[in-house]
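Just so you know, the protein sequences line up as chains H and V, in that order. Residue numbering for the first sequence follows UniProt numbering, beginning at 1 and increasing consecutively. Residue numbering for the second sequence follows UniProt numbering, beginning at 1 and increasing consecutively. All remarks here apply to the structure that follows.
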Amino acid sequence: MPPRAIKTTRSASNDGSSKSPRSPAITPRTARANRVKSREARKAPPPPKEESESEGEGESESESESESERGSESESEEDVEGGSDDEGSESESEEEEAQAVKARRTGGFTDENAKWLKPSSKKRAEEESDDDDSENGTEDDSDDSEQSEDDEDRSEDDDEFAGLDGNDSEDDGDMEQDDSEDDSEDDSESSSEDELLPIERKALKEDARRVKEKEDARAEQLETNIQDDDTYHLPDEDDDDSVPDLSAIQMRIQEIVRVLKDFKNRRETGKSRNDYVERLVADLATYYGYNSFLIRYFLDTFSVEETMELLEANEQQRPVTIRTNTLKVRRRELAESLINRGVNLDPVGKWSKVGLIVYDSRVPIGATPEYMAGQYILQSASSFLPCMALAPQEGERVLDMAAAPGGKTTYLAALMRNTGMIFANEYQKKRLTSLVANLQRLGCTNAIVCNYDGRALPKVIGHVDRVLLDAPCSGTGVIAKDSSVKTGKSAEDIAKCAHLQKELLVAAIDCCDANSKTGGYVVYSTCSIAVEENEAVVDYILRKRDVKIVSSGLEFGRKGFTSYRGKNFHPSVEHARRFYPHVHNMDGFFVCKLKKLSNRTVPTSNDTFDEKRAALESGYFGGAHDGDARVDDANADVASEKDQAIEAKKRKRVPGYVKAALAEVGAGSAKKTKTAVSSRSLPPDKKNAKKDKKSKGKK
Amino acid sequence: MRPLEESELEQVLAKLFTFVGKNIETVLQRSDAPHSLRLHKKRVYYVRDDVLKRATSVGRDELVALGTCLGKFTHSDKFRLTIGALDLLAAHAKHKMWVKPTSEMGFMYGNHLLKSGLGRISENVAANAGVVIYSMADVPIGFAVASKSTQDCRKLDPSAIVAYHLADVGEYLRAEDSFVQGKKD
């Protein structure tokens with residue numbers, strides 16, 4: 001019977017794929033799908049349920065054509081199967097006859113496909129179809145309804161199959177049950193048709209067979225388009241503002257993730273990876289409440305499994321961590337007094353001597369007498385890292401360019417034991433109160449709090465030994481803390497942030513004194529996991545200032561990306577450290593430590609030059625020039641008229657190292673670089689740069 | 001930012017004197033590093049001199065705070081110590097009171113200290129002297145003015161006030177806005 005035929009061919013094809021690698025040529029499945037498609041195309045629109053009578057007459061020549069086609073295709077299927085399994089279906093005379101005819105026409109095939117491969121008997125049936133239709137219309141109808149029921153069963157089976165994929169034995173059992181049911185129905189029919197002539201009976205059977213064939217084709221279509229059913233109907237429901245079924249979506253997400261894990265073997269034929277990914281993006285966005293941009297961004301940055309882990313981690317709050325204020329108390333003493341208040345805590349880890357994780361507490365942890373007395377501060381574990389990386393020494397001058405609410409600043413003060421001095425800058429006026437309050441509470445007496453735009457700081461402060469820039473960012477690493485990031489961020493936001501970060505980092509490096517005896521370091525950090533805001537910014541600064549990336553001294557964390565989606569960064573970017581919620585159980589974070597080599601504003605030292613030239617050949621220089629223009633523009637905005645003129649001159653002048661590099665590398669590779677530049681996707685903030693230029697021109 | 005004028009300095013020192021007594025000399029002339037008093041936006045800051053020197057480069061409008069904030073001048077130009085001065089006062093305090101754990105929070109919510117909450121008191125506290133308030137774990141939590149001398153305190157009934165509240169560390173939470181010059185100033 002048809003269902004069995006489907007079943008066996010399918011399992012056979014599965015077996016084939018598992019045993020031997022599939023040939024790149026047309027697989028039985030694709031062949032069948034194509035066939036179904038072609039048939040559909042010929043007799044579009046697809047048949048409604050009450051199609052029988054007119055259909056029977058209408059499809060004459062074309063039907064037989066398709067039959068012959070099928071015959072040849074069935075051969076190929078047989079080849080895959082190796083003709084091994086024998087179904088032992090009821091061998092009726094016509095079938096045998098049909099088989100014989102078939103064999104004569106196309107060569108040998110086993111009888112398992114006999115049911116749906118009977119062109120000769122069909123031809124005969126068509127001659128008598130007129131009579132049959134008039135006589136057996138009602139029966140046909142009933143048949144149809146039965147078929148549709150069967151069909152439903154089958155589609156259910158298919159669903160199951162899609163879900164389990166590999167429980168062949170179970171499915172087989174179901175199928176066989178179906179078959180037996182079908183058989184019994186056939187028998188009852190034939191008993192009621194005793195008065196009919198044998199030829200009429202044949203015709204009747206032929207009709208039933210034909211209907212079944214159609215259903216079969218539909219079932220196949222269902223089977224091949226099972227993803228379609230899931231894929232392309234549900235979004236419509238979503239569009240209708242109906243409440244999305246979260247459990248169904250979750251199931252589908254799991255299913256797609258499973259397929260994507262082993263795409264080669266688990267994919268549905270005719271579906272590209274992109275189809276799956278698009279579906280996954282939409283589902284994840286619905287399920288976790290993100291906008292699709294962010295989901296897509298995560299999927300671009302991480303593997304599918306890691307993205308899932310990240311999204312799950314973003315649903316969980318990170319553990320509450322506090323930092324002991326070593327200016328006032330030791331960690332052991334603090335832990336004791338907090339435990340006495342009914343706080344359950346533990347050291348945050350080997351990597352920090354001042355951090356404590358708070359599991360639960362009987363008292364509000366942000367309002368204990370110890371807290372108010374400034375013995376500790378609530379601070380996420382990730383924000384310890386840039387301070388540890390900066391490692392300020394006693395007596396140094398340090399600048400914190402974006403200080404509020406003072407967690408990092410007070411940590412720096414504690415590391416310096418209130419010696420030296422700290423410039424704590426904060427641009428947002430409303431955040432100044434928390435900064436000042438925290439500085440006072442924790443007893444930080446070496447700080448100067450100021451309220452500048454970070455980009456203007458080099459002109460105000462002059463040179464300091466170390467600079468900490470915890471740059472304002474899109475916050476894609478702290479989604480657990482601030483869920484508005486889920487929907488509120490777009491590519492433009494990230495581009496804007498990246499632009500500001502580049503400006504701030506330029507300013508930070510200009511504030512730093514390369515000739516400092518103890519320092520000359522800049523630490524750049526963000527609470528974002530977007531590459532544009534992290535590696536790309538650092539890579540940019542390597543081209544813009546005479547700095548190198550040094551190890552941050554943090555013993556854990558992932559390495560920074562040296563390449564991302566076709567962009568190659570400077571190899572030393574791997575010294576930067578990335579931290580993830582799902583890996584390190586702290587906020588997503590990026591830390592990079594830079595050592596300033598000289599106070600010049602262009603990198604001209606020789607070793608970096610060689611690196612740059614090598615990089616130039618590999619096309620890593622792309623987009624440098626418009627980038628230069630961008631930040632110069634930004635700086636010029638801040639600067640006075642005079643400075644603007646100087647800046648403009650600078651901008652016109654191509655940096656010496658670029659000229660030299662181009663000359664040395666030669667015309668050929670220069671061309672290559674150009675093509676590399678043009679072929680690379682434009683940075684999203686290029687628009688802004690253009691705008692800046694325009695506005696510049698107006699001035 | 002400017003040095004304090006004579007009259008201002010007098011007021012500030014007078015206030016400090018009630019808390020630290022003769023220790024005021026060590027406060028003003030520290031052996032480890034010279035410190036100075038500066039007035040900025042009606043607030044008095046106690047700053048190390050090298051920090052002070054660098055702070056001169058910061059513009060008046062942009063400078064928010066520096067060093068330790070001791071207190072501020074009110075609209076009527078009276079000087080008032082703020083909680084920022086606590087560390088300095090605690091380091092040199094002459095008179096101290098210790099608060100029982102049960103009434104710690106009461107004091108930290110801005111209430112006066114009652115006799116019932118008084119755990120310990122240092123000797124020779126005069127009436128109306130400035131006292132630094134400690135928790136029983138020796139953590140400074142604010143300062144106040146003693147209502148009675150040490151001897152008189154012993155005789156008081158439990159519900160009587162022994163110290164009038166001036167400032168407490170709870171202000172860091174409940175009055176965060178008061179640390180930066182706002183609309184009120």
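Note that beta-carbon positions come from the ideal geometry of N, C-alpha and C, so glycine has one too.
**Q.** Residues of the stretch 7-35 of chain V whose Cβ lies closer than 8 Å to any Cβ of chain H, in chain order
**A.** Cβ contacts with chain H come from no residue of the stretch 7-35 of chain V.
Q.
Quick check: what's the CA-CA separation for residue 101 of chain V versus residue 145 of chain V?
A. For this step, residue 101 of chain V is matched to residue 101 along the second sequence. For this step, residue 145 of chain V is matched to residue 145 along the second sequence. Taking the CA atoms as reference points, residue 101 of chain V sits about 20 Å from residue 145 of chain V.
Q) Taking the C-alpha atoms as reference points, what is the distance between residue 522 of chain H and residue 163 of chain V? A) As a position in the first sequence, residue 522 of chain H is number 522, starting the count at 1. As a position in the second sequence, residue 163 of chain V is number 163, starting the count at 1. Near 49 Å, if we compare the C-alpha coordinates of residue 163 of chain V and residue 522 of chain H.
Q: To the nearest angstrom, report how far apart residue 4 of chain V and residue 120 of chain V are at their CA atoms.
A: To locate residue 4 of chain V, count along the second sequence from 1; it is residue 4. To locate residue 120 of chain V, count along the second sequence from 1; it is residue 120. For the pair residue 4 of chain V and residue 120 of chain V, the Cα-to-Cα distance works out to about 37 Å.
Q.
So the candidates are H:433, H:445, H:496 and H:515; which of them puts its Cα closest to the Cα of residue 462 of chain H?
A. Position 462 of the first sequence holds residue 462 of chain H. Among H:433, H:445, H:496 and H:515, the Cα nearest to that of residue 462 of chain H belongs to H:515.
**Q.** Short-range partners of chain H found in the UniProt domain "PUA" (95-170) of chain V, where Cβ spacing is below 9 Å
**A.** For the UniProt domain "PUA" (95-170) of chain V, the residues whose beta carbon sits under 9 Å from a beta carbon of chain H are, in order, 101, 104, 105, 108, 135, 137, 139, 140, 141, 168, 169 and 170.
(Q) Please identify, using Cβ separations under 9 Å, the residues of the stretch 363-382 of chain H that lie next to chain V, in order along the chain. (A) For the stretch 363-382 of chain H, which is checked against every Cβ of chain V, the residues closer than 9 Å are 366, 367, 369, 370, 371, 372, 373, 374 and 375.
Q: Give the secondary structure of residue 361 of chain H by DSSP, where H, G and I count as helix, E and B as strand, and everything else as coil.
A: Sequence index remark: in the first sequence, residue 361 of chain H carries index 361 (1-based). Residue 361 of chain H: strand per DSSP, three-state reduction.
Q. Looking only at DSSP bridge pairs, what is residue 2 of chain V linked to?
A. The sequence position of residue 2 of chain V within the second sequence is 2, counting from 1. DSSP lists V:39 as partners of residue 2 of chain V.
Q) Counting Cβ pairs, one atom from each stretch, are 3 or more of them under 8 Å apart for the stretch 361-376 of chain H and the stretch 578-596 of chain H? A) No, because fewer than three Cβ pairs between the stretch 361-376 of chain H and the stretch 578-596 of chain H fall closer than 8 Å, the two stretches do not touch.
Q: Could you tell me which chain V residues have their CB closer than 8 Å to the CB of residue 443 of chain H, listed as they occur along the chain?
A: Along the first sequence, read from residue 1 onward, the residue named residue 443 of chain H stands at position 443. Neighbours of residue 443 of chain H on chain V, chain order: 87.
Q) Mind pulling the chain H residues with CB within less than 8 Å of residue 177 of chain V? A) Taking the second sequence and counting its residues from 1, the one referred to as residue 177 of chain V is at position 177. 433, listed in chain order.
**Q.** alpha helix (DSSP H) runs wholly inside the UniProt domain "PUA" (95-170) of chain V, at least 4 long, in chain order
**A.** The UniProt domain "PUA" (95-170) of chain V contains these whole alpha helix (DSSP H) runs: 101-108 and 150-155.
Q. Relative to the C-alpha of residue 445 of chain H, which residue among V:150, V:1, V:45 and V:97 is closest?
A. What you label residue 445 of chain H is simply residue 445 of the first sequence in a count that begins at 1. Checking every option, the nearest Cα to that of residue 445 of chain H belongs to V:45.
Q.
Just verifying my parser: in three-state terms, what is the DSSP assignment at residue 700 of chain H?
A. With chain H covering 1 to 699 only, the question about residue 700 of chain H has no answer from this structure.
(Q) For a test of the three-state rule: what should DSSP assign to residue 497 of chain H, helix, strand or coil? (A) Position 497 of the first sequence, counted from the start, is the residue given in the question as residue 497 of chain H. In this structure, residue 497 of chain H counts as helix in the three-state DSSP scheme.
**Q.** Pairwise C-alpha distance: residue 114 of chain V and residue 24 of chain V
**A.** The count along the second sequence starts at 1 and reaches residue 24 of chain V at position 24. The count along the second sequence starts at 1 and reaches residue 114 of chain V at position 114. Rounded to the nearest angstrom, the two C-alpha atoms are 29 Å apart.
Q) By a C-beta neighbour count over all protein chains shown, 10 Å radius and 16 as the cutoff for buried, is residue 158 of chain V buried or exposed? A) Within the second sequence, numbered from 1, the residue matching residue 158 of chain V stands at position 158. Looking at its Cβ environment, which holds fewer than 16 other Cβ atoms inside 10 Å, residue 158 of chain V is exposed.
Q: Inspect the beta-carbon positions of residue 355 of chain H and residue 384 of chain H and report whether they are closer than 8 Å.
A: Start at 1 with the first residue of the first sequence, and residue 355 of chain H comes out as number 355. Start at 1 with the first residue of the first sequence, and residue 384 of chain H comes out as number 384. Yes.
(Q) Strictly below 7 Å CB to CB, what residues from chain V border residue 308 of chain H? (A) Your numbering for residue 308 of chain H matches position 308 in the first sequence. What residue 308 of chain H touches in chain V: nothing, since even the nearest Cβ is about 40 Å away.
Q.
Just to confirm, is the Cβ distance from residue 357 of chain H to residue 348 of chain H under 8 Å?
A. On the first sequence, residue 357 of chain H is found 357 positions in, with the first residue counted as 1. On the first sequence, residue 348 of chain H is found 348 positions in, with the first residue counted as 1. The answer is yes: Cβ separation under 8 Å.
Q) With a CB to CB cut of under 7 Å and the five nearest residues on each side skipped, what residues in its chain are close to residue 507 of chain H? A) Residue mapping note: residue 507 of chain H aligns to position 507 of the first sequence, counting from 1. Around residue 507 of chain H, the same chain offers 454, 455, 457 and 458 as residues with beta carbons nearer than 7 Å, after the five sequence neighbours per side are excluded.
Q) Any C-beta of chain V sitting closer than 8 Å to the C-beta of residue 461 of chain H? A) Position 461 of the first sequence holds residue 461 of chain H. Among the CB atoms of chain V, one or more fall inside 8 Å of the CB of residue 461 of chain H.
Q: For residue 337 of chain H, go through chain V and note every residue whose CB falls closer than 9 Å to its CB, in chain order.
A: Within the first sequence, residue 337 of chain H is the residue found at index 337, counting from 1. Here the neighbours are 137 and 139.
Q.
By the 8 Å beta-carbon criterion, what residues does the stretch 391-419 of chain H contribute toward chain V?
A. If the cut-off is 8 Å between Cβ atoms, the stretch 391-419 of chain H has 397 near chain V.
Q: Assign residue 586 of chain H to one of three DSSP states: helix, strand, or coil.
A: Within the first sequence, numbered from 1, the residue matching residue 586 of chain H stands at position 586. Residue 586 of chain H falls in the coil class under three-state DSSP.
Q) Thinking C-beta only, is residue 401 of chain H closer than 8 Å to residue 418 of chain H? A) Position 418 of the first sequence, counting from 1, holds the residue named residue 418 of chain H. Position 401 of the first sequence, counting from 1, holds the residue named residue 401 of chain H. Not in contact: residue 418 of chain H and residue 401 of chain H (Cβ atoms no closer than 8 Å).
Q: Check whether the Cβ of residue 216 of chain H lies closer than 7 Å to any heavy atom of the ligand ATP, and answer yes or no.
A: Among the ligands in the structure shown, none appear at all, so the ligand ATP cannot be discussed.
Q) With a Cβ-Cβ cutoff of 8 Å, do residue 498 of chain H and residue 547 of chain H count as a contact? A) Here residue 498 of chain H refers to the residue found at position 498 when the first sequence is read from its first residue. Here residue 547 of chain H refers to the residue found at position 547 when the first sequence is read from its first residue. For the pair residue 498 of chain H and residue 547 of chain H, the CB atoms are not nearer than the 8 Å cut-off.
Q. Would you call residue 109 of chain V buried or exposed, if buried means 16 or more other Cβ atoms sit within 10 Å of its Cβ?
A. Here residue 109 of chain V corresponds to residue number 109 of the second sequence, with the count starting at 1. Burial is judged here by how many other beta carbons sit within 10 angstroms of a residue's own beta carbon; residue 109 of chain V has fewer than 16 and is exposed.
Q: Go to residue 275 of chain H, then tell me how far its beta strand (DSSP E) extends in each direction, as first and last residue.
A: Taking the first sequence and counting its residues from 1, one reaches residue 275 of chain H at position 275. Per DSSP, residue 275 of chain H belongs to no beta strand (DSSP E); it is in the alpha helix (DSSP H), 273-288.
Q.
Whole angstroms are fine: how far does the CA of residue 502 of chain H sit from the CA of residue 492 of chain H?
A. Taking the first residue of the first sequence as 1, we reach residue 492 of chain H at position 492. Taking the first residue of the first sequence as 1, we reach residue 502 of chain H at position 502. Take the alpha-carbon of residue 492 of chain H and the one of residue 502 of chain H: they are about 15 Å apart.
Q) At which residues does the beta strand (DSSP E) containing residue 408 of chain H begin and terminate? A) On the first sequence, residue 408 of chain H is found 408 positions in, with the first residue counted as 1. Unbroken run through residue 408 of chain H is the alpha helix (DSSP H), 407-415; no beta strand (DSSP E).
Q | residue 326 of chain H - containing alpha helix (DSSP H), residue span | A | Taking the first residue of the first sequence as position 1, residue 326 of chain H is located at position 326. Annotation: residue 326 of chain H is outside any alpha helix (DSSP H) and is labelled neither H nor E by DSSP.
Q. If we ignore side chains and look at the alpha-carbon of each, how far apart do residue 268 of chain H and residue 282 of chain H end up?
A. Against the first sequence, residue 268 of chain H aligns to sequence position 268. Against the first sequence, residue 282 of chain H aligns to sequence position 282. The straight-line gap from Cα to Cα measures roughly 19 Å.
Q) Which residues in the same chain as residue 68 of chain V place their Cβ atom closer than 8 Å to its Cβ, once the five residues preceding and following it in sequence are excluded? A) In the second sequence, residue 68 of chain V corresponds to position 68, counting from 1. Residues of the same chain with a CB within less than 8 Å of the CB of residue 68 of chain V, apart from the 5 flanking positions on each side, are 45, 46, 47, 84, 85, 87 and 88 in chain order.
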